[in-house]
Amino acid sequence: MHTPSPARDQFTPAHCDIVFNHLGYGAMQLAGPHVWGPPKDRTAAVAVLREAIELGVNHIDTSDFYGPHVTNQIIREALHPYRDGLTIVTKIGFVRGADQSWLPAASPQQLRDAVHDNLRNLGLDVLDVVNLRAPGMAGPDGSSLAGPLDTLVQLQREGLVRHIGLSNVDAAQVAEAQRISPIVCVQNHYNLAHRADDALIDSLAAQGIAYVPFFPLGGFSPLQSDTLNQVAAALQATPMQVALAWLLQRAPNMLVIPGTSSVAHLRENVAAGALRLDAQALAALRSLATK
């Protein structure tokens with residue numbers, strides 16, 4: 002355990018004036034099952050958000066297509082008017098179908114509507130960071146992002162968006178996007194077992210661009226490993242705390258956003274920020290990579 006150091010536990014991306022604590026909160030689980038409809042207990046969802054802020058979380062990841070609209074409305078109910086220093090990062094590029102499907106939605110009008118939906122449901126006049134969620138449900142599909150990014154840049158010029166990020170992208174898409182606009186963060190699938198983005202993380206770190214792993218604990222199929230359990234037992238921590246601590250030590254540009262609908266689980270996640278893995282633990286965990 003250690004006493005948090007602002008120099009070590011915060012990160013400000015290049016081209017950006019926002020100071021992020023490395024450990025944030027992902028709001029996806031505040032919606033109902035399959036990220037659809039209202040939660041079973043809205044009061045509990047509000048309590049989780051308020052506790053996150055009290056525990057020092059200073060950025061929340063969300064989207065208006067969670068629910069849809071549900072998570073943003075709960076965030077507004079729980080936290081508006083927002084504290085100084087709290088950053089809400091949202092994403093656009095998809096909508097939800099009536100059958101709960103996830104549908105790409107990247108036409109100029111769809112992106113404009115998505116920005117306004119986020120503004121309205123969050124109760125904001127400007128969005129601090131908007132991630133363009135690229136197509137592909139099984140991972141990046143490599144398609145050009147030039148058209149959608151042109152629209153997002155125009156929304157930025159109109160004063161509705163401050164900073165632009167990307168989600169579900171490969172290195173070539175990042176490079177294409179950077180020819181159009183400064184990029185402050187990339188949000189991709191990455192965790193202790195799924196490490197396909199190792200080279201991209203290192204490249205982004207060298208450029209001062211934040212990397213935000215989604216499914217940091219495995220997503221809908223939580224991480225499970227005897228090795229992970231053994232390392233956790235030796236450290237008197239939970240396996241999920243070890244998985245989060247590993248991410249936080251992986252690179253200086255890592256911003257981790259574990260989600261939960263439980264206050265107790267939230268407290269466990271935040272406590273992982275004080276856990277440091279030694280060389281022996283790191284060596285044991287290296288074997289879990291499946292790429």
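Quick note: to get this note's numbering, add 1 to the position in the sequence shown (first position is 1). Idealized CB from N, CA, C, for every residue including glycine. Computed from a predicted structure; not experimentally measured.
Could you please give me the residues that DSSP links to residue i through a beta bridge?
i: V126; result: Per the sequence shown, the amino acid found at residue 126 is Asp instead of Val. DSSP lists no partner for D126.
i: L24; result: V257
i: I93; result: L133
i: L167; result: L133, V187
i: Q11; result: N22
Could you name the residues of the same chain whose beta carbon sits closer than 6 Å to that of residue i, not counting the 5 residues immediately before and after it, in chain order?
i: A282; result: V232
i: I1; result: Here the chain has residues from 2 to 292 only, and residue 1 is not among them.
i: G274; result: L24
i: L156; result: V116, V162
i: V20; result: Q11, T13
i: R51; result: A79
Might you give, ordered along the chain, the residues of its own chain that have their beta carbon closer than 7 Å to the beta carbon of residue i, omitting 5 neighbours on each side?
i: S262; result: Q30, L31, P40, A45, A46, V49
i: S182; result: L150, V154, I165
i: F95; result: F66, W103, L104, P105, A106, R134
i: A178; result: L146, L150, L167, I184
i: G124; result: R77, H81
i: A173; result: G143
Quick check: is the beta carbon of residue i nearer than 8 Å to any beta carbon in chain D?
i: L167; result: Here there is only one protein chain, and chain D is not present.
Let me confirm a value: residue i is counted as buried when at least 16 other C-beta atoms fall within 10 Å, else exposed. Which label applies?
i: G160; result: exposed
i: H3; result: Low local confidence applies: a pLDDT of 37 at H3 is under 50, so the model's placement there is unreliable, with the coordinate-based value given in what follows. By the 10 Å Cβ count, H3 comes out exposed.
i: V127; result: exposed
i: S288; result: exposed
i: T13; result: exposed
i: D42; result: exposed
i: D199; result: exposed
i: R180; result: exposed
i: S108; result: exposed
i: Q110; result: exposed
If I measure Cβ to Cβ from residue i and keep anything under 8 Å in the same chain, skipping five residues before and after, which residues do I get?
i: M138; result: W103
i: T228; result: A285, L286, S288, L289
Legend entry - Cβ contact (3+ pairs, closer than 8 Å) linking the segment 268-284 and the segment 241-250: Touching, yes, given that three or more Cβ pairs across the two stretches are closer than 8 Å.
Legend entry - Within the segment 197-243, ranges of the alpha helix (DSSP H) (whole runs, at least 4 residues): Fully enclosed alpha helix (DSSP H) runs of no fewer than 4 residues occupy 199-208, 227-236 of the segment 197-243, in order along the chain.
Legend entry - 4 or more residues per run - each alpha helix (DSSP H) lying fully within the segment 96-164: 109-123, 147-158
Legend entry - alpha helix (DSSP H) runs wholly inside the segment 20-86, at least 4 long, in chain order: 43-55, 71-80
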